[in-house]
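Numbering (full-length UniProt numbering), first residue to last: 1 to 59.
Encoded structure:
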C-alpha cells in the first residue's frame, strides 16, 4: 500500500497535471519498489516517480 505521504503527493501532482490540461495515461503503484509511477502529457512525455517518503522526481 502507498504511504500517506505518497498518497498526498500523488493527489497534488495529479491536480497540477490536470490544471495544466495534461492527460494522465498511467498511474501505477509498484509493490516491489514501493513507488508510484505517473505517465502524463499529450505525447506521454511526462514521467514521474513518487517515493515512499513523498519525494518525487521526473524520470
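Where is the CB? At the ideal position from N, CA and C, for every residue including glycine. Since the model is a prediction, treat every value here as computed from it, not as a measurement.
| Query | Result |
| --- | --- |
| Euclidean distance between Cα positions of residue 44 and residue 25 | 7 Å |
| For residue 38: DSSP bridge partner residues | 27, 48 |
| Cβ shell of residue 10 (< 8 Å), same chain only, five flanking positions each side left out | 2, 27, 36, 38, 50 |
| Cβ-Cβ separation, residue 58 to residue 40 (assumed contact under 8 Å), whole Å | Actually they do not touch by this definition, with Cβ atoms about 11 Å apart. |
| Residue 13 classed as buried or exposed, judged by whether at least 16 other C-beta atoms fall within 10 angstroms | buried |
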